[in-house]
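K.L.:
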Amino acid sequence: MDMNLPDGNGTDATTAIRAVFDDVKILVLSASSERTDVLDAVRAGASGYLLKSAGAEELLTAVHDTAQGRAVFTPELAGLVLAELRGREREESPDPTAVLTPRETEVLRMVAKGLASKQIAIRLGLSHRTVDNHIASTLRKLQLGNRVELTRFALENGLD
Numbered sequence: 148m149d150m151n152l153p154d155g156n157g158t159d160a161t162t163a164i165r166a167v168f169d170d171v172k173i174l175v176l177s178a179s180s181e182r183t184d185v186l187d188a189v190r191a192g193a194s195g196y197l198l199k200s201a202g203a204e205e206l207l208t209a210v211h212d213t214a215q216g217r218a219v220f221t222p223e224l225a226g227l228v229l230a231e232l233r234g235r236e237r238e239e240s241p242d243p244t245a246v247l248t249p250r251e252t253e254v255l256r257m258v259a260k261g262l263a264s265k266q267i268a269i270r271l272g273l274s275h276r277t278v279d280n281h282i283a284s285t286l287r288k289l290q291l292g293n294r295v296e297l298t299r300f301a302l303e304n305g306l307d
């Protein structure tokens, strides 16, 4: 499925096809990597999303994987979809920081302020490795991928 069709768009076409054939697998092949296009396609029922810049072998593998019922996304697009899902999970959770220890929350607040691990370590009287361990644990518990996502999480949850 392409997202830009001559007489409509891929999201509407995917929705219409899935309404009639609910078990059909749809792989989007598009030039667009725009967040809204990717998420709209997934919400409409697409099983995967591949960019037109993909090579022939990658396309063949994607078609096969989609037919087998596996979700197919390039790593950067998968990250986009996962971030959206994580955002929804956070909206449904009354206190997403409840899984953190007080020290992890304290380190998270400092990360959100832009402090480096060594700066946090000095302020808390810890080694920078201990701070890095707290950050790694926090990333794992919150299912985030990096410090940027961690900072965004902290800001969205009033931990700055």
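Its first residue numbered 148, the sequence shown is counted upward by one per residue in the numbering used here. Virtual Cβ for every residue (Gly too), placed ideally from N, Cα, C.
Three or more beta-carbon pairs under 8 Å between the segment 207 to 214 and the segment 178 to 186, yes or no?
P.N.:
In short, these stretches do not touch, since the Cβ pair count stays below three.
K.L.:
G195 and V219 - do their beta-carbons sit closer together than 8 Å?
P.N.:
Yes, these two residues count as a Cβ contact at 8 Å.
K.L.:
Give the range of the alpha helix (DSSP H) segment to which V210 is assigned.
P.N.:
Run containing V210: A203 to A214, per the alpha helix (DSSP H) assignment.
K.L.:
Work out the CA separation of H281 and T298 for me, nearest whole Å.
P.N.:
Using only the alpha carbons, I get a separation of about 14 Å.
K.L.:
State the start and end residues of the unbroken beta strand (DSSP E) segment that holds V175.
P.N.:
L174 to S177 is the span of the beta strand (DSSP E), which, as asked, contains V175.
K.L.:
Compute the Euclidean distance between the alpha carbons of V175 and A193, then round it to the nearest angstrom.
P.N.:
So the alpha carbons of these two residues sit roughly 7 Å apart.
K.L.:
How would you call I269, buried or exposed, if buried means at least 16 neighbouring beta carbons within 10 angstroms?
P.N.:
Exposed, because fewer than 16 other Cβ atoms sit within 10 Å of the Cβ of I269.
K.L.:
Return helix, strand or coil for F300, following the three-state DSSP convention.
P.N.:
F300: helix per DSSP, three-state reduction.
K.L.:
Hey, how far is the Cα of P249 from the Cα of L255?
P.N.:
For P249 and L255, the distance between alpha carbons rounds to 10 Å.
K.L.:
Measuring alpha carbon to alpha carbon, tell me which of A201, A160 and D187 ends up nearest E231.
P.N.:
The shortest C-alpha separation from E231 is found at D187.
K.L.:
Along the chain, where does the alpha helix (DSSP H) that runs through L271 open and close?
P.N.:
First-last of the alpha helix (DSSP H) with L271: S264 to L271.
K.L.:
On the CB-based measure, 16 or more other CB atoms within 10 Å of its CB, does V295 come out buried or exposed?
P.N.:
Burial call: exposed.
K.L.:
Using three-state DSSP, classify L255 as helix, strand or coil.
P.N.:
Residue state, collapsed to three classes: helix.
K.L.:
What span of residues does the beta strand (DSSP E) with G192 cover, start to end?
P.N.:
Unbroken run through G192: none, as it is neither H nor E.
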